[in-house]
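Peer 1:
In the working numbering, the protein residues as written are 30 to 171.
Dropping the structure here:
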């Protein structure tokens, strides 16, 4: 039987797939799950918008705290208990600000996950953004 571009490289074993995808879930949260958790009022994490304060003001996920990724340092994070789980996001898949923030938090020994999709994923799901100034949100992740 011939293979297609999909099966040309065979899939991993079920055991390997289970380990791989389970591990990914320990690093990621999707927008739907973040929304459901925030809407329940029982979120057991702090949602961090790691873009610039201008981008945050223009539009952010309701309930998110703005800490630009470059400002994630021990002194700034000291207000949160050591075991606080952080979920970070930036503009979207074209932006690596959330990854930079996750690295900084991990270096500080803080538990962290990324909200995959960022603002782009959030709005793609049909969820609204809060705006402080009415402007259009951009990446603001430099």
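Think of the CB as a built atom: it goes at the ideal place given N, C-alpha and C, for glycine as much as any other residue.
Please name the residue in 33, 59, 42, 37 whose C-alpha comes closest to that of residue 152.
Peer 2: As a first step, residue 152 must be located in the chain shown, where it is residue number 123. Nearest to residue 152 by alpha-carbon distance, out of 33, 59, 42, 37, is 59.
Peer 1: Tell me the DSSP bridge mates of residue 145?
Peer 2: Position 116 of the chain shown holds residue 145. The partner list for residue 145 (beta bridge, DSSP) reads 59.
Peer 1: Flag this pair as touching only if the segment 93-106 and the segment 68-81 have three or more C-beta atom pairs under 8 angstroms; answer yes or no.
Peer 2: yes
Peer 1: For residue 112, is the classification buried or exposed, using 16 other Cβ atoms within 10 angstroms of its Cβ as the cut-off for buried?
Peer 2: Here residue 112 refers to the residue found at position 83 when the chain shown is read from its first residue. That one is exposed.
Peer 1: Which of helix, strand or coil does DSSP assign to residue 166?
Peer 2: The residue given as residue 166 occupies position 137 in the chain shown. For residue 166, the pLDDT reaches just 46, beneath the cut-off of 50, and the residue's location in the model is therefore unreliable, leaving the point undetermined.
Peer 1: In angstroms with no decimal places, state the Cα-to-Cα distance between residue 52 and residue 141.
Peer 2: Counting from 1 along the chain shown, the entry for residue 52 is found at position 23. Counting from 1 along the chain shown, the entry for residue 141 is found at position 112. A straight-line Cα-Cα distance of about 13 angstroms links residue 52 and residue 141.
Peer 1: With a threshold of 16 other CB atoms inside 10 Å of the CB of residue 154, please say whether the residue is buried or exposed.
Peer 2: Sequence index remark: in the chain shown, residue 154 carries index 125 (1-based). By the neighbour-count rule (16 or more Cβ atoms within 10 Å), residue 154 is not buried but exposed.
Peer 1: Here's the rule: buried if 16 or more other CB atoms are within 10 angstroms of the residue's CB, otherwise exposed. What is residue 165?
Peer 2: By 1-based counting over the chain shown, the position of residue 165 is 136. Note that residue 165 has pLDDT 42, beneath the 50 cutoff, so the model's placement of it is unreliable and the number below is only indicative. When all chains shown are included, residue 165 counts as exposed.
Peer 1: Buried or exposed: which applies to residue 131, given that a residue is buried once 16 or more other Cβ atoms fall within 10 Å of its Cβ?
Peer 2: The residue you call residue 131 lines up with position 102 of the chain shown. Buried: at least 16 other Cβ atoms inside 10 Å.
Peer 1: Taking C-alpha atoms, which residue in 161, 103, 71, 135 lies nearest to residue 117?
Peer 2: Residue mapping note: residue 117 aligns to position 88 of the chain shown, counting from 1. Nearest C-alpha to residue 117: 135.
Peer 1: Out of 143, 144, 109, 149, state which residue places its alpha-carbon closest to the alpha-carbon of residue 123.
Peer 2: Start at 1 with the first residue of the chain shown, and residue 123 comes out as number 94. Of the listed residues, the one whose Cα sits closest to residue 123 is 149.
Peer 1: List the endpoints of the continuous beta strand (DSSP E) containing residue 85.
Peer 2: As a first step, residue 85 is located in the chain shown; it is residue number 56 there, counting from the start. Going by DSSP, residue 85 is part of no beta strand (DSSP E) but of the alpha helix (DSSP H) stretching over 82-87.
Peer 1: Go through its chain and collect everything with a Cβ distance to residue 129's Cβ below 6 angstroms, but skip five positions before and after it.
Peer 2: Here residue 129 refers to the residue found at position 100 of the chain shown. Around residue 129: 98.
Peer 1: Use the C-beta contact count for residue 115: other C-beta atoms within 10 angstroms, 16 or more gives buried, fewer gives exposed.
Peer 2: Indexing the chain shown from 1 puts residue 115 at position 86. Residue 115 comes out buried.
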